[in-house]
Amino acid sequence: MTTNTTSPSMSRRPRTLLVVALGGLAALTLSACGSIAEGLEERDAGHTKTFAFETGKEGKDEKVVPTWVPDDAAKVRGIFRTTGDERLVTFQGSLDGLPADCTAVSADDPLVARPERGDLVADDYRTDSTLLASWWPEDQEARSTVMCGKWWISAEGEAVYAFTPEMTRVEIEKQPTPAGT
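With numbering that gives the first Met the number 0, letter number 168 in the sequence shown gets 167, and the count goes up by one each step, no holes.
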């Protein structure tokens, strides 16, 4: 009995290599879908991200919420632009829980942008909010009465609002709908 061994013809080898290569490309593409989808979602939202925490401590533990937010602040929400400096934050609490180094806005300590990097100056920043959030009252940043570093802070009842200005050189993209987080 004779055993015949055959090998694939030369014309089938390139086709086999093509199928293997396409399969590898498909697997790579599928594994990257999360990253691609996140990038598209971020772009469609005007390069913004939102967050929400039950307490200030939870948000600070995740290194998302500013350190001046009291640990016992409740219902902490925020939105920020990933391509710039602007941030909006709100929480339930009061101005009484702010650190001692926060200062009241006055003629001697006016409400101005306080750059924390490079050679930027106050004139390099806008003074009004460009981010959209359903929970942010129109022109709330202009009603700020306290500054904590670069943050402009105000309170209305039990709601505390905080804002950091955006640089004038950052392109403001259209946001489809106000963030509801």
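Glycine is no exception: its CB is placed at the ideal position from the N, C-alpha and C atoms.
Note that the structure is a prediction, hence the values are computed from the model and not measured.
Simplified DSSP state of residue i, which is helix, strand or coil
| i | result |
| --- | --- |
| Arg142 | helix |
| Lys59 | helix |
| Leu29 | Model confidence at Leu29 stands at a pLDDT of 37, short of 50, so the residue's coordinates are unreliable; what they give is reported in the following sentence. It is helical. |
| Gly92 | coil |
| Ala72 | coil |
| Ala106 | coil |
| Ala132 | strand |
| Ala112 | coil |
| Glu85 | coil |
Beta-carbon proximity of residue i to residue j, cut-off 9 Å
| i | j | result |
| --- | --- | --- |
| Val169 | Thr89 | no |
| Met166 | Gly83 | yes |
| Arg86 | Pro114 | no |
| Ala112 | Pro164 | yes |
| Gln94 | Ile152 | Inspection of the sequence shows that residue 94 is occupied by Leu rather than by Gln. For Leu94 and Ile152, yes; Cβs fall inside 9 Å. |
| Asp70 | Thr54 | yes |
| Ala72 | Gly92 | yes |
| Trp67 | Leu110 | no |
| Ala141 | Asp123 | no |
| Thr129 | Thr81 | no |
First and last residue of the uninterrupted beta strand (DSSP E) at residue i
| i | result |
| --- | --- |
| Thr54 | 47-54 |
* Could you pull out every unbroken beta strand (DSSP E) segment of at least 3 residues lying fully inside the region 148-176, listed in chain order? => 150-155, 158-163
* Given 8 Å, three or more beta-carbon pairs between the region 71-79 and the region 99-111 -> no
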